[in-house]
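**Student:** A single structure is presented below for examination.
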Amino acid sequence: MIYVENLAYRYPGETKDTIHDISFEVARGEIFGFLGPSGAGKSTTQNILIGILKGYRGKVQINQQELDQLSADYYERIGVGFEFPNFYQKFTGLENLQFFSKLYKRKTQNPQKLLKNVGLTDAAHVRFSNYSKGMKMRLNFCRVLLNNPDILFLDEPTSGLDPVNAKKLRELILMEKEKGKTVIITTHSMDTADKICDRVAFMVDGEIALIDQPKQLKVRYGEKSLQVEYRCQSGIKRELFSLNNLYENQHFQHILSHYEIVTMHTQEATLEDVFMKVTGRIL
Amino acid sequence: MMKHLELFTFDIRFQFRHGFYAAYALVSIVYICLLLLVPASYVKQTSILIIFTDPSVLGFFFVGGLVLLEKDQSIFNTLFVSPIRIHDYLISKVLSLTILATVSSSIIFIAVHQLHVDYLPFLIAVMLCSIFFTLLGISLAVRVDNVNMFLYTSPLFIIIFYLPLLSFFKLTDSLLLHLLPTQAILILLEGAFDSLTVQDYIYVIVIFIPWISCAYVLTYYSFQRFLRKKIFS
Ligand SMILES: Nc1ncnc2c1ncn2[C@@H]1O[C@H](COP(=O)(O)OP(=O)(O)O)[C@@H](O)[C@H]1O
Ligand SMILES: [Mg+2]
């Protein structure tokens, strides 16, 4: 679906490249995430892929076609959600969607239905200027889906959303995947990357450090551990044990036989831990 | 074509909601009152002057305001990741403002002159004038950062096109002025009261084709540059 080889990019007037020789491939029906701290070059990469940053170097192919040879019809087939959603301020959410839907030649989805899916039915007739950040993000997602795009590009889709709405949006993205859509996400939230991405690319300073499935990464780089809280004379103490050969850990056995155990939990490495281990950076 | 129509109707709704129609109505009423009050011997000159400035100045400033409003609302990145092209956008802006200018100028003329003037050269003048100045307004608006900067720099941008007023007031009669499109506008407007020869019409066409083409090309590339440099980077 998307094939990128040795992509490099320099903003006009800059002296250094922002994106350095990155390569990756995204298959049809895949949710592919760029995870990295702010300033890593995630949005830049995405803006190249949607054809608005011109003059890149390297190869970028969408369905075997070189990106810089695609016409405005490319936008008939993709849906783009920017990090900061913007619409006509003096028009309602519904009016905005109705307007944008008419710009497409292909059959578009019913705006009211889309609003209902993201829980904006009540806000359909409210002017965009009165929307909260969370509402704006959800309206933005509706606009992305208007033309029933084959590829969705979502820049920080869950930023600014409360946990409930973030979860809902992740579910909606997964529903698009089920319909066979390809989704490209950029995010600095390991939660979003971990929960919905089939594969993630760790991005730092315009380079991709690695690409893999979140689960694989956690297994490969993470060490499972056990956190034990127990009561002793000085109060409650907490200790961490590796799960490897735990059965022969003397200190662990000593605690089990001599103290009252308060809690005991296994802890998995988070994607954030893995990111730190691999790149030496925090998200 | 459908896309043009959609953009166009939305542009009109946008202008309406942002009070552009109200402003235009108010200005038109002021003009009509003015024309009804001036002594009869000045009516012709004054109405030519008004129709000369109405679509040109208003078209220029209104489109500047519109583009800057859309920029303030950060609409352009959202708009241009849909299948619309710069051509669609420009045509819609020009068309919507030209219709507004044509309607308001016609109302002024009908209110003041009823059917005692020739409306053909009048309508051609208003439309050409509006198309030309709307394009100029867009190409200035994409070069400035805000409305104030637009207002400060606009005189530099359009003053040359007001030079034919010097010949209108009989201050000079340089033939060079005939190279300006606005000279052709004045000739058409005067023709609404007197009469025009075929040569006059040919002159207007010969002058306007290159001017409007150049203005369009300039505006297109200015807008493209604007999208690349200011919106998408
Ligand atoms: N228009 C621009 N001109 C020059 N540099 C830019 C521009 N936009 C972003 N950058 C720089 O490119 C780098 C990557 O930015 P960006 O892609 O927005 O990162 P991310 O989305 O990962 O937070 C940053 O160092 C940023 O300062
Ligand atoms: Mg970003």
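Taken in order, these protein sequences are the chains called A and B. Under my numbering, the residues of the first sequence are numbered 1 to 283, in order. Under my numbering, the residues of the second sequence are numbered 1 to 233, in order. Backbone N, C-alpha and C define an ideal beta-carbon position, used for all residues, glycine too.
#1: Of all Cβ atoms in chain A, is any one closer than 9 angstroms to the Cβ of residue 229 (chain B)?
#2: In the structure shown, what three-state DSSP assignment does residue 70 (chain B) receive?
#3: So with Cβ pairs under 9 angstroms, would you call residue 47 (chain A) a contact of chain B?
#4: Any Cβ of chain B within less than 9 angstroms of the Cβ of residue 109 (chain A)?
#5: Closest Cβ-Cβ distance between residue 102 (chain A) and chain B: below 9 angstroms?
#6: Kindly indicate if chain A contains any beta-carbon less than 9 angstroms away from that of residue 6 (chain B).
#7: Alpha carbon to alpha carbon, how far is residue 100 (chain A) from residue 111 (chain A)? Give it in angstroms, no decimals.
#8: What residue ranges within the segment 216-268 of chain A form continuous alpha helix (DSSP H) runs of no fewer than 4 residues, ordered along the chain?
#9: At what residue ranges does the segment 3-36 of chain A contain a whole run of the beta strand (DSSP E), taking only runs of 3 or more?
#10: In three-state DSSP terms, what is residue 38 (chain B)?
#11: Ordered along the chain, which non-local residues of its own chain (more than five positions away) have a Cβ less than 6 angstroms from that of residue 42 (chain A)?
#12: Under DSSP, the alpha helix (DSSP H) around residue 46 (chain A) begins and ends at which residues?
#13: Taking its Cβ as the centre, do 16 or more other Cβ atoms sit within 10 Å of residue 213 (chain B), making it buried, or is it exposed?
#14: Would you call the CB atoms of residue 136 (chain B) and residue 159 (chain B) closer than 9 angstroms?
#15: Give the DSSP-derived three-state secondary structure of residue 106 (chain A) in the structure shown.
#16: Indicate whether at least one CB of chain A lies closer than 9 angstroms to the CB of residue 93 (chain B).
#17: Between residue 185 (chain B) and residue 111 (chain B), which are expected to be in contact by the criterion C-beta below 8 angstroms, what is the C-beta distance as a whole number of angstroms?
#18: Does residue 197 (chain A) pass the burial test, meaning 16 or more other C-beta atoms within 10 Å, or should it be called exposed?
#19: Considering residue 167 (chain A), what are the terminal residues of the beta strand (DSSP E) in which it resides?
#20: Cβ of residue 43 (chain A) versus every heavy atom of ligand 2: is any distance shorter than 8 angstroms?
#21: For the alpha helix (DSSP H) containing residue 183 (chain B), list its first residue and its last residue.
#22: Apart from the five residues on each side of it in sequence, which residues of its chain come closer than 6 angstroms, Cβ to Cβ, to residue 239 (chain A)?
#23: What in chain B is Cβ-close to residue 53 (chain A), meaning under 9 angstroms?
#24: Check residue 76 (chain A) in the structure and name its three-state DSSP category.
#25: Is it true that the CB of residue 5 (chain A) sits closer than 9 angstroms to the CB of residue 54 (chain A)?
#26: Could you tell me the alpha carbon to alpha carbon distance between residue 77 (chain A) and residue 156 (chain A), rounded to whole angstroms?
#27: Have a look at B:80, B:60, B:75, B:114 and flag the residue whose alpha-carbon is nearest the alpha-carbon of residue 155 (chain B).
#28: From the beta carbon of residue 243 (chain B), is the nearest beta carbon of chain A less than 9 angstroms away?
#29: Residue 141 (chain A) versus chain B: which residues are under 7 angstroms apart at the beta carbon?
#30: Beta-carbon of residue 81 (chain B) versus every beta-carbon of chain A: anything under 9 angstroms?
#31: Under 7 angstroms Cβ-Cβ, which residues of chain A neighbour residue 234 (chain B)?
#32: Considering only C-alpha positions, which residue in the set B:131, B:193, B:87, B:202 is nearest to residue 221 (chain B)?
#33: For residue 74 (chain B), go through chain A and note every residue whose CB falls closer than 8 angstroms to its CB, in chain order.
#34: Looking at the structure shown, is residue 144 (chain B) part of a helix, part of a strand, or coil, going by DSSP?
#35: Can you pull out the residues from the segment 159-193 of chain A whose beta carbon lies closer than 9 angstroms to at least one beta carbon of chain B?
#36: So, do the segment 2-9 of chain B and the segment 88-99 of chain B have three or more beta carbon pairs nearer to each other than 8 angstroms?
**Tutor:** Looking at the coordinates:
#1: yes
#2: helix
#3: yes
#4: no
#5: yes
#6: yes
#7: 10 angstroms
#8: 250-258
#9: 19-26, 31-35
#10: coil
#11: 34, 36, 186, 203
#12: 42-49
#13: exposed
#14: no
#15: coil
#16: no
#17: Not a contact, Cβ separation roughly 21 angstroms.
#18: buried
#19: Looking at the DSSP string, residue 167 (chain A) is not in any beta strand (DSSP E); the run it does join, the alpha helix (DSSP H), is 163-178.
#20: yes
#21: 181-191
#22: 228
#23: 228, 232, 233
#24: helix
#25: no
#26: 21 angstroms
#27: B:60
#28: Because chain B spans 1 through 233 in this model, residue 243 (chain B) falls outside it and cannot be assessed.
#29: Result: empty, since nearest Cβ-Cβ is about 13 angstroms, beyond 7 angstroms.
#30: yes
#31: Because residue 234 (chain B) is not part of the residues shown, which for chain B are 1 to 233, the question remains open.
#32: B:87
#33: 84, 86
#34: coil
#35: none
#36: yes
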